[in-house]
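Input: a single structure, listed below in structure tokens.
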Amino acid sequence: MRMLNILACCVAALLIAGEVARFGGSVRFVPMALDELAVAALLLWAAWRSRRDGAVWHLVGWGAFCGLSLVQLVETADHQMHGPAKAAGPAYLVILSAMFGLGAGAIGRALRLCRVHSGQQ
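Counted the way the working numbering counts, the sequence shown spans residues 6 to 126.
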């Protein structure tokens, strides 16, 4: 559980830092960064609550993270296939795929922890 908590905090910090770097100081900050900031808040909440409630909150946080990364992956792939293609599109596709894989792995780990916590094997 400790590694999952550390991973959630690190990913949340990266999401927050990325959005502040991207939209900080812009009037578009609140509407454009709200989804990433909400997912970061869920991941931080999961890390904080897991000591009391087990890994169930990690399922919520990492599920939201996977949903966010999958939506961004599909939108980027659509731009790359149907235009207008972004110059850094291939790099974005690789990064977003890795993000989705990381989230899916974290969900798998949280599910195993929930089973162990509930006494199921």
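Glycine included, each C-beta is placed from N, C-alpha and C at the ideal position. Quantities reported herein were computed from a predicted structural model and do not represent experimental measurements.
The criterion of a C-beta distance shorter than 8 angstroms is satisfied by Ala45 and Ala17. Straight-line measurement puts the Cα of Arg54 at about 17 angstroms from the Cα of Val121.
DSSP places Gly29 outside both helix and strand once states are collapsed to three, so it counts as coil.
In this structure, DSSP gives Pro95 a helical state, which the three-state scheme calls helix. With a threshold of 16 other beta carbon atoms within 10 Å, Met8 falls short and is exposed. Ser102 is positioned such that its CB atom lies no closer than 8 angstroms to that of Leu73. About 5 angstroms separates the Cβ atoms of Glu41 and Leu20, confirming a contact at the 8 angstroms cut-off. Residue environment for Ala96: exposed (fewer than 16 other C-beta atoms within 10 angstroms of its C-beta). When DSSP assignments are scanned along the segment 56–107, the uninterrupted stretches of alpha helix (DSSP H) that are 4 or more residues long and fall wholly within it turn out to be 61–87.
Note on geometry: alpha-carbon atoms of Arg56 and Trp62 lie some 10 angstroms from one another.
Taking a 10 Å sphere around the C-beta of Gly106, we find fewer than 16 other C-beta atoms and assign the residue as exposed. Taking Arg114 as reference, the option from Pro36, Gly66, Met37 with the minimal CA-CA separation is Gly66.
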